[in-house]
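Numbering (the working numbering), first residue to last: -8 to 96.
The beta carbon of each residue, even a glycine, is placed where N, CA and C say it ideally should be.
Heads up: the structure comes next, in structure tokens.
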């Protein structure tokens, strides 16, 4: 059985989010405060989504995303930082619940 047939939405969604965030351009000038804060929040968002379905590794990625969300808030991206923080808490729990449901059922 090929590996790709065993992928589910929790494996493909982080990849899709990462590709979207890599393709999107940063509208601010390189090196400015706005450019740095947007980049930090985008990396945190990608880490939050990658922390969705990787077992115990997801909690390490979620912690990194949580910290980047706080840094994003401090650097001026309050809304984006809050979204990163909330997703870094919710997505690993959702992924763990899905993995347990898949394992038991």
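Quiz item: If you follow the alpha helix (DSSP H) that residue 15 is part of, which residue opens it and which one closes it?
Solution: Unbroken run through residue 15: none, as it is neither H nor E.
Quiz item: Residue range of the alpha helix (DSSP H) that residue 35 falls in?
Solution: For residue 35, the enclosing alpha helix (DSSP H) begins and ends at 24 to 41.
Exercise. Leaving out five residues on either side along the sequence, give the residues of the same chain with a beta carbon under 8 Å from the beta carbon of residue 8.
Key: Same-chain partners within the cutoff: 36, 37 and 40.
Practice problem: Enumerate in chain order the residues of its own chain whose CB-to-CB distance from residue 71 is below 7 Å, with the five nearest sequence positions on each side excluded. | Solution: 32 and 63.
Quiz item: Among 29, 86, 77 and 51, which residue has its Cα nearest to the Cα of residue 44?
Solution: In this structure, 86 is the residue among 29, 86, 77 and 51 with its C-alpha nearest to the C-alpha of residue 44.
Practice problem: Taking all protein chains shown into account, decide if residue 15 is buried (16 or more other Cβ within 10 angstroms of its Cβ) or exposed. | Solution: Per the 10 Å Cβ criterion, exposed.
Quiz item: For residue 28, does the count of other Cβ atoms within 10 angstroms reach 16, so buried, or fall short, so exposed?
Solution: Under the 10 Å beta carbon count, residue 28 is surrounded by 16 or more other beta carbons and is classified as buried.
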